[in-house]
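Numbering (our numbering), first residue to last: 179 to 426.
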Amino acid sequence: MAERFGLPLCLVGDDCTAFDFLLVYLAVKENTPPVLALRDTSGGNGNPLWVDFIAGKMGHRRRFGGGRGQPLARAMGLKGGASPHIVDATAGLGRDGFVLASLGARVTLLERSPVMAALLDDGLERARQHPATRLIVDDHLQLVHTDAATWLRQCPPRDRPEVVYLDPMYPHRSKRALVKKEMRALRAMVGDDADAPALLAAALACAKKRVVVKRPKGAPPLDGPKPAGEVASKNTRYDIYGGLRTED
């Protein structure tokens with residue numbers, strides 16, 4: 179794992195105090211594979227973080243999330259029998275990408291952080307071993323550890339996706355944004371995505387049909403072209419660049 183993702187290796191008995199976060203394998207449930215988890219060693223934030231597509235919130239969202247009628251799916255243009263190729267260029271913990279794959283889209287997850295890519299890879303492998311999620315991973319998901327802007331610029335014409343999805347990390351405005359353990363971990367691993375406008379430009383040049391950008395409700399659009407439309411939910415807004423037909 180360390181060699182594959184270019185991560186420093188800290189063995190048992192080594193002095194690991196120089197690292198604020200460590201990736202460790204944990205046994206979290208009897209008779210299930212161990213999970214690769216991100217542990218905060220600074221003493222400032224509770225439990226380890228791992229990717230779980232099978233149970234918990236993701237299991238509930240997969241079964242009861244609203245299907246193709248939910249705002250995320252509508253923003254992507256998932257209607258009728260449409261099953262577009264969607265590139266999730268800011269995969270993070272992979273939750274939205276996995277939901278879209280479970281709804282029938284073919285999803286390519288791009289993640290530049292080696293730590294987040296390792297967590298995603300582990301979560302996908304465990305999902306591949308579970309009967310409820312095996313086909314979603316095998317038939318609809320691909321993870322690529324890469325810089326998304328570079329990938330989008332170099333994508334061959336035959337591989338261009340119908341949709342590019344961006345969920346950039348935005349600068350926090352209050353300490354409350356750091357309360358969640360995963361938010362602190364994500365910020366530590368990927369930063370605030372100051373290059374989001376450049377990523378938007380690369381996405382617009384690559385997508386065949388549309389680019390969708392996830393924003394907090396009330397936040398301004400990314401710097402660049404004005405969105406052609408939006409799909410809103412309670413706390414989130416999906417800015418759409420390109421085709422506006424979100425539902426029939």
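Virtual Cβ for every residue (Gly too), placed ideally from N, Cα, C.
Since the structure is predicted, the reported quantities are computational estimates derived from the model, not experimental observations.
Who are the Cβ neighbours of V322 in its own chain at under 8 Å, not counting the five residues just before and after it?
-> As a working mapping, residue 322 is identified with position 144 in the sequence shown. Same-chain partners within the cutoff: T286, L287, L288, E289, W329.
Near P249, what residues of its chain come up, given a Cβ to Cβ distance below 8 Å and the 5 sequence neighbours on each side ignored?
-> For the purposes of this step, residue 249 is taken as residue 71 along the sequence shown, with counting starting at 1. Close CB contacts of P249 within its chain, under the 8 Å cut and outside five residues either way in sequence, are with V409, A410, S411, T414, Y416 (chain order).
Measuring alpha carbon to alpha carbon, tell me which of G258, V265, T210 ends up nearest R304.
-> As a position in the sequence shown, residue 304 is number 126, starting the count at 1. The shortest C-alpha separation from R304 is found at T210.
Heavy atom of the ligand FMN less than 7 Å from the Cβ of T195, yes or no?
-> The ligand content of the structure shown is nil, which means the ligand FMN is not present either.
Coarse secondary structure for R290, derived from DSSP in three states | In the sequence shown, counting from the first residue as 1, residue 290 sits at position 112. In the three-state DSSP reduction, R290 falls in the coil class, being neither helix nor strand.
Cβ-based burial, A376 [other Cβ within 10 Å; buried from 16] | Against the sequence shown, residue 376 aligns to sequence position 198. So A376 ends up on the exposed side.
What do you get for H318, buried or exposed, if any count of 16 or more other CB atoms within 10 angstroms of its CB means buried?
-> As a working note, residue 318 is residue 140 in the sequence shown. The residue is buried, with at least 16 neighbouring Cβ atoms inside 10 Å.
Does the beta-carbon of K404 have 16 or more other beta-carbons within 10 angstroms, so that it is buried, or is it exposed?
-> The residue labelled residue 404 in the question sits at position 226 within the sequence shown. Exposed, because fewer than 16 other Cβ atoms sit within 10 Å of the Cβ of K404.
Going by DSSP, name the residue or residues bridged to I264.
-> Residue 264 sits at position 86 when you count from the first residue of the sequence shown. Looking at the DSSP output, I264 sits in a beta bridge with V285, V341.
Which two residues bound the contiguous alpha helix (DSSP H) that contains I314?
-> By one-based count along the sequence shown, residue 314 stands at place 136. Where I314 is concerned, the enclosing alpha helix (DSSP H) stretches over 312-318.
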